[in-house]
Structure formats: structure tokens, C-alpha cells
Amino acid sequence: MKSYKLTAFVFFLINFIVIPINAQSLTELEKKYEQLNSHLVKENRILDSLKNIFLYKTDEIDSEKKKSDPDKDKIVDLMAGSITLSNRIDEQNKKVNLLEKDLDIVKQQLHKRYTSITDSLESRKKTIGANGDELDAEIFNYTEKKLLVAPPIPLLSFNPGKILGIDIDKTKDPKEKALYEEYLNNALKEIDELWKNTSELITEIDQIVLLQKKTKKFLEEAELESGVIHRQQYNIPGQGDETRVSFENLPIDDQKVLGYQVQTYRLILDQLDFEKSVTGLDWEISLEENNKLDLKEYQKLLKEVKKRLQELKLVLANKTGFQK
Amino acid sequence: MILKYPANLLLFLFFPLFVFSQIDWRVSAETGFYNSYGDAVIKKSGLITRFDSFLKYKYEQGKREASVQFRFHPELFGTISPVKSAKLKADGAYYQNEGNLTWGMNVTGQRNFLNANTVNFTYNIFAAAVNFAWSDIGLNASTGYAYQIIKERDRYGLELLFLDLKLLQQFNSFIKYGAGFYVERFFASNEIILDEKNENNNNGWRTGPQISFIYLKDFILNVDYRILFHESEFTRYLSYEHWIRIVTGKIFFRDLSAFLLADYNFYRYVKSSDYVEAVTPLYTPLNSENKVYLKIAYELSDNVEVYTKTGYFKENLYEDRFSFEGWNFTFGIEFN
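Order-wise, the sequence lines are chains U and E.
Under my numbering, the residue at position 22 of the first sequence is numbered 64, and the numbers go up by one with no gaps.
Under my numbering, the residue at position 158 of the second sequence is numbered 309, and the numbers go up by one with no gaps.
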């Protein structure tokens, strides 16, 4: 009896201390997100107005230059002012970029937290059975929050894990059956399209990797008698070998596009990994670490995604086939 | 815990996790026709037969990579008492990645033999370099030592220390461009037999800028250009050399590929008044071959490839004293 009381007390203590700590840190994280977001909005406004002033100044310089008798002193003054402005714009740009990076990190952290909360709420809902209205509201609330911080990329719109649980044969209600039918067909369409896109991307990357490999071999053959010194740099792994793509050196838009592409496929793989069978495999393409992507690693990731999509396609085709 | 089990420790030390080793090999044989002119050493035209064998062992452990590779490349020019040539090459390399920096070293040795009725000479090359590549800023740096020795009746030697810097930037996902600078301190020497053995030296510098462009997506296009200015005891202002290389290639229908290489070297030396023709040693670039080289290959399977090679070449081994020029067309098969 005593041990029962002790256990209950410890449990109470844990609930009392640990849960508020978690809740508090989530609140803090949310607060940080809010602050960073509003800070970013403010800094972006400053950047926009600086750009507008800069445009106004350059227009003024142009119109002064076009005059038949331009005031050279005025032009010099205006140009000096423009240089200062341009420097301020550069600084402001850096500030905005830093804030965006910080915000992305907080978004990722929040996304993880919301996912784990919704997961635990789902499992709690399962254990307590039908009495889950309050939980539903909570799940909905956190899912909504999660979507707000989710990366702006097209992920799978359904839960692949749930598809396995659908058994249309057991459903007797025709309306429910029709709903499941539509759900499965839409999922199949989505998977099929994603599978096609992944296949195209794999073909493109395969081509680049193969072309690189063959060029290296061709040069080795052609240069057997000469070019010893010039070959030195070709020998650096990942350097002469152009399969390593650096995001840092890309223009900012390309960095984002490629970065999101990798992130998309990593997240899709996470979604497809509903049984966590690939846990332990290193799909971290160290984007956060040093913004580098090894094309061969990306190729490997895409092949894994394609394999899993293929498996899911088979399951879905099978399930949609049952209903017909 | 590990120390209690020395055998485990040994296993841990010698067979650590994430070790990956790979052997890569290929052999090929080709035959065709050649037509050459410019030097009496080589037969003017006839059948050319080449063999090539390549073996590479690569060892990877986490972010470290070591490799050794060997190559043997014999050639026969003509059928009856042919001119024989053989090239032996060995490479060793070690590289390590630390975040944005990849650094390493490599050593290359190459021995070339050419044997004909009247001539028997060897041509040896050695190079040792330390390389650094900072991927965050796109800077590649290579520094090292190299030498070449040509021996027949006379002996021609060239030793050099070099520093090669190149800044490569990514324009977009498929285009890279770069610029850099090359500096070299060279020591040219010879031992020639006139009435008696005569030794001569000429030391100098080669410096200049270089630019490059790489496109890699559905086809590859790589263009490199370098201009180097010479300063030595026996050359005057303005002595220089140009080097331009264009490499392009495409894979058609996955099995068929075509690659083209064009190398153009040009050098102009303004000789000083105390220069003595055929006695004073002048710098002869290690990579002085002008060539246009086209290879079309078709993969019969993953391990067998047939190919044709067409090329124009002009080799200047030493101040144009050992050179030959010509065309060749070969057809070959490769196994890997």
C-alpha cells in the first residue's frame, strides 16, 4: 500500500514538475517564434523603405544627369547619399537573412514539438477509447499550429500509415465506403505523381553522376602522357569531381529551392517511414551543418524515396482494386 | 571496458566501423592506323596497337580516403620490327575532410620508355603535391614539387616547385566558373655530349592567371585557359606560353557516349644574347602536347565497352628536339 502511495506521489510530482517545464519551454518557444516573426516583419518593412528611398535617389540622379545643365555638386551629393544607403541596404539584408535563419530553426523545433504532442495525443485517444472529444479539439489545435510552422513545401497530404489500416471490406455503410474509395483514389493519384517526379529527378541526377564519372575516366586516358601537374586538382575528392553541390555559393533563390528540395524528400521519407524501419540510416545530408549536398547522397535518398513510393503504390493499387 | 578485452581493442583499431574499400580495374586493347611526321624516330605510318591496364584500390573510412592506382600502357607502332613504347604510372593519394576543408596529398610517378632501332630513351615524371579545398569559399590550393628527366644519349632535367590557386564559384546549379593564379619556380638542366660531357643550368619563374568554366547537366563543357609569363637566366621580356583546354561530352541513350578533348599549347621565348642554341636548357612544359581527341564508346554491358578514338596529336618533348605529330584512328574494347 505504502509503495502504491509512493508511486502515486512520484507520478504526481513528475506531472507537477516535468510537464509544466515542458509546457513552459513550448510556450517560450512559441513566444520566441512570435517575437522573431514580428521582428522579421519590422525589419522587412525597414528594408522595403530603404529600397524605396534608394530607388527615389537613383531616379533623382538620373533626372539631374539628363538636365541640359546638370548640377554636378548635387549629383555628387546624391551619389554619396546613395552609397551610404546601399551599404545600409546590404546591412539590413544581412539582418533579415539572419532573422530568417533563426526563424527557420525555431520553426523546425516547433514542428518537431507539435508533431510529438499530436502523436502522443493520438495514442492517448486510442487508449481511452471513444471519450475523445476534448482530445480531438486539442489534436486539431496542435495540428493547425504545426501546419503554420511546417516547411512551405508540398508534402504528402495524407498519412500513409493510416492507409494500411483501411479495410474497405469491413465497412458496411455505403457512404463511408464511398468516402474511403475517394480517399484511396486521391492518395494513389498523389503517390503516382510524386513517384513520376522522383523518377525524373533520379534520371537527371544519374545522368550527371554518370557524365562526371565518364569525363574523369576520359581525361585520365587522354592525359596519360601529359598534364601531371594539372591533374593534381582533379584528384581532390569532390572537387574535380563535380558531384558536390555547394548551396552557399549559389544565388539565394537557388539555395532555397535546392535546400527545400532535399528537405522535402527527407520529410517525405520520414512520412513514408511509418514503421520507422529506416531509423538509424543516415539521411541527414548535413544541410544544417555546412550547407553542402553530396549529389551521390542525394541520389541515394531519392532512390530510397522512390522505392518506398513504389511499395505504397502497390498497397494502394491493391486496396483500390478490392473495392471494384 | 574495451581494455579488458585486448582482442576487441585490436579489432576496433584495425577494423573500425564505416570502413569502405573498393577495387576498380579495367583492361583494354585497341588497334588502328596512324600517320605521323616530323621526326625520324617513329615510323611514318602503319598499324598501331595499344594495350592499357588500370588497377585502383580505394579505402574510405568516414571522412578519410586513401587510394593507390597503377597503370601500364604499352604501344606498338608498325608490325615488322615495331617501335615500342611503354608507360608505367603509379599514384598514391590520401584525403581528409574536415567540415568545409578537404585536404590531402598525392604522389605520382610515371616512367615512359621508347625503343626503336636507332633510339632508346626514357622519360620519367614525378610529382608530389599537397592539396587544400575550402568548399565554403570555393578556394582550391595545390602546392608541391615535380621533376621530369629525359634520357637518351644526353640527359635533360627539369625540377619545379609550384603553387596553384583557383577560386571556383557556383553560378547556378549547373554552372561553375573560376579564376586563379599559378606560380612556379623551375630549375632546368642538361648534360649533353659535345666533345666532352657538358653541364648547363637555367633557373626561372613561370607565373600567370588562369580562368575556368564548367557546365554539367545534360552534357558537360569544361573550358580552362592559362597564360604564364616566363622569367629565366636565358629568356628576356616578353616570354610567355598559353594553354587552353576544352572538354565536352554527352551520353546518348545511356549506352552511347561521345567525348571530345582539345588541348592547345603555344609558347614564345625571347632568348637572351648569351643563349646558345641546342646547349642552353630552356623550360619545356611537362604538358606540352597539342591534341584533339575524340572518343565514341558504346557499352555492350555493364562490364564491356567498345570504342573508337580519333585524334590529332603533336608532342614536343624537349625544345621540339623529340617530337612527333600525326593522326590516328583506333578501334578498341574494354573490360572492367
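All C-beta atoms, glycine included, are put in the ideal place defined by N, C-alpha and C.
Exercise. Can you tell me whether E:Phe404 is buried or exposed, with buried defined as 16 or more other CB within 10 angstroms of its CB?
Worked result: Per the 10 Å Cβ criterion, exposed.
Exercise. Does the separation of the CB atoms of E:Glu181 and E:Thr481 fall below 8 Å?
Worked result: In this structure, E:Thr481 lies closer than 8 Å to E:Glu181 by Cβ.
For this session: Flag U:Pro252 as yes if its beta-carbon sits less than 8 Å from any beta-carbon of chain E, otherwise no.
Result: Looking at the sequence itself, residue 252 of chain U is Leu, so the reference to Pro does not match. Judged by the 8 Å Cβ criterion, U:Leu252 is in contact with chain E.
Exercise. Who are the neighbours of U:Phe260 on chain E, taking C-beta pairs under 8 Å?
Worked result: For U:Phe260, the neighbours in chain E by C-beta distance under 8 Å run, in chain order, Val398, Gly400, Phe410, Leu412 and Lys446.
Exercise. First and last residue of the alpha helix (DSSP H) that includes U:Ile131?
Worked result: For U:Ile131, the enclosing alpha helix (DSSP H) stretches over residues Lys114 to Ile170.
Exercise. Given that a residue counts as buried once 16 or more other Cβ atoms are within 10 Å of its Cβ, and exposed if not, what is E:Ser172?
Worked result: So E:Ser172 ends up on the exposed side.
For this session: Would you mind working out which of U:Glu70, U:Gln341 and U:Leu140 sits nearest U:Asn86, comparing C-alpha positions?
Result: Closest in C-alpha terms to U:Asn86, from the list U:Glu70, U:Gln341 and U:Leu140, comes U:Leu140.
Exercise. Taking 8 Å as the CB-CB limit, is E:Leu316 close to chain U?
Worked result: No, its Cβ sits nowhere closer than 8 Å to a Cβ of chain U.
Exercise. In terms of alpha-carbon separation, which member of E:Arg215, E:Leu239, E:Glu211 and E:Gly213 lies closest to E:Arg222?
Worked result: Answer by Cα proximity: E:Leu239.
Exercise. Does U:Asn332 come within less than 8 Å of chain E when only Cβ atoms are used?
Worked result: Below a pLDDT of 50, predicted positions are generally treated as unreliable, and U:Asn332, at 40, falls in that range; the measurement from the model is reported next regardless. U:Asn332 counts as touching chain E.
For this session: In angstroms with no decimal places, state the Cα-to-Cα distance between E:Asn351 and E:Lys460.
Result: Just so you know, the alpha carbons of E:Asn351 and E:Lys460 end up roughly 41 Å apart.
Problem set entry | Backbone secondary structure at U:Ala220 - three-state DSSP | Helix at U:Ala220.
For this session: Please confirm if the stretch 124-133 of chain U is in contact with the stretch 83-101 of chain U, defined as three or more CB-CB distances below 8 Å between the two stretches.
Result: Segments in contact, yes.
Exercise. What are the boundary residues of the beta strand (DSSP E) that includes E:Ser424?
Worked result: Run containing E:Ser424: none; DSSP gives neither H nor E here.
Exercise. Are the CB atoms of E:Asn257 and E:Ala280 nearer to each other than 8 Å?
Worked result: Less than 8 Å separates the beta-carbon of E:Asn257 from that of E:Ala280.
Problem set entry | Cβ of U:Gln151 within 8 Å of any chain E Cβ | No - not a single Cβ of chain E is within 8 Å of the one on U:Gln151.
Exercise. Do you know offhand how far E:Tyr415's Cα is from U:Gln150's?
Worked result: Answer to the nearest angstrom: the Cα atoms are 53 Å apart.
Exercise. Assuming E:Leu311 and E:Glu342 make a contact with CB atoms under 8 Å, what is their CB distance in whole Å?
Worked result: So it is not a contact: roughly 18 Å between Cβ atoms.
For this session: Please classify E:Glu303: does DSSP put it in a helix, a strand, or coil?
Result: Here E:Glu303 sits in coil by DSSP.
Exercise. Would you say U:Thr213 faces chain E, with C-beta separation under 8 Å as the test?
Worked result: By this cut-off, U:Thr213 is not an interface position.
Problem set entry | Straight-line Cα distance separating U:Thr69 from U:Leu145 | Each residue's Cα considered, the two are about 15 Å apart.
For this session: Below 7 Å CB to CB, which residues in the same chain sit around U:Asp113 once its five sequence neighbours on both sides are set aside?
Result: Only residues of its own chain outside the window of five on either side were considered, and among them Glu106 have a CB closer than 7 Å to the CB of U:Asp113, listed in chain order.
Exercise. Using a beta-carbon distance below 8 Å, is U:Gln249 in contact with chain E?
Worked result: Taking Cβ atoms only, chain E reaches closer than 8 Å to U:Gln249, which makes this a yes.
Exercise. Within the 8 Å Cβ cut-off, does U:Leu266 reach chain E?
Worked result: Closer than 8 Å to some Cβ of chain E, the Cβ of U:Leu266 qualifies, so yes.
Exercise. Should E:Gly250 go down as buried or exposed, given a rule of 16 or more other Cβ atoms within 10 Å for buried?
Worked result: By the neighbour-count rule (16 or more Cβ atoms within 10 Å), E:Gly250 is not buried but exposed.
Exercise. In chain E, which residues lie less than 8 Å from U:Lys257 when you measure between Cβ atoms?
Worked result: Reading the sequence as shown, one finds Thr at residue 257 of chain U and not Lys. In chain order: Ile371, Asn373, Val398, Gly400 and Phe410.
For this session: Mind reading off the beta-carbon distance from E:Ser179 to E:Gly483? Whole number of angstroms is fine, and I expect it under 8 Å.
Result: Contact flag correct, Cβ pair sits at about 5 Å.
Exercise. If you count every other CB in all the chains shown that lies within 10 Å of the CB of U:Leu351, and 16 or more means buried, which is it?
Worked result: Buried, by the Cβ-count rule.
Problem set entry | Own chain partners of E:Gly295 with C-beta closer than 7 Å, once the 5 adjacent residues on each side are dropped | Hits under 7 Å: Ala278, Ala279, Ala280, Val281 and Phe313.
For this session: Please name the residue, chosen from E:Ser286, E:Ile288, E:Leu290 and E:Ile301, that lies closest to E:Ile276 on a Cα-to-Cα basis.
Result: Ranking the options by Cα distance to E:Ile276, first place goes to E:Ile301.
For this session: Tell me where the beta strand (DSSP E) around E:Asn330 begins and ends.
Result: Just to set this straight, residue 330 of chain E is Ala in the shown sequence, not Asn. Secondary structure note for E:Ala330: its beta strand (DSSP E) is the uninterrupted segment Ile326 to Ile344.
Exercise. Alpha carbon to alpha carbon, how far is E:Ser424 from U:Gln254?
Worked result: Across the structure, E:Ser424 and U:Gln254 are spaced so that their CA atoms are roughly 49 Å apart.
Problem set entry | Straight-line gap, U:Leu354 to U:Ile233 (C-alpha atoms, nearest Å) | If you draw a straight line from the Cα of U:Leu354 to the Cα of U:Ile233, it is about 8 Å long.
For this session: Could you name the residues of the stretch 214-233 of chain E whose beta carbon sits closer than 8 Å to any beta carbon of chain U, in the order they occur along the chain?
Result: From the stretch 214-233 of chain E, only Glu216, Arg222 and His224 have a Cβ closer than 8 Å to chain U.
Exercise. Using the beta-carbon count (16 or more within 10 Å), is E:Trp176 buried or exposed?
Worked result: It is exposed - the Cβ of E:Trp176 has fewer than 16 other Cβ atoms within 10 Å.
Problem set entry | C-alpha gap between U:Asn183 and U:Lys231, whole angstroms | Distance between the alpha carbons of U:Asn183 and U:Lys231 is about 29 Å.
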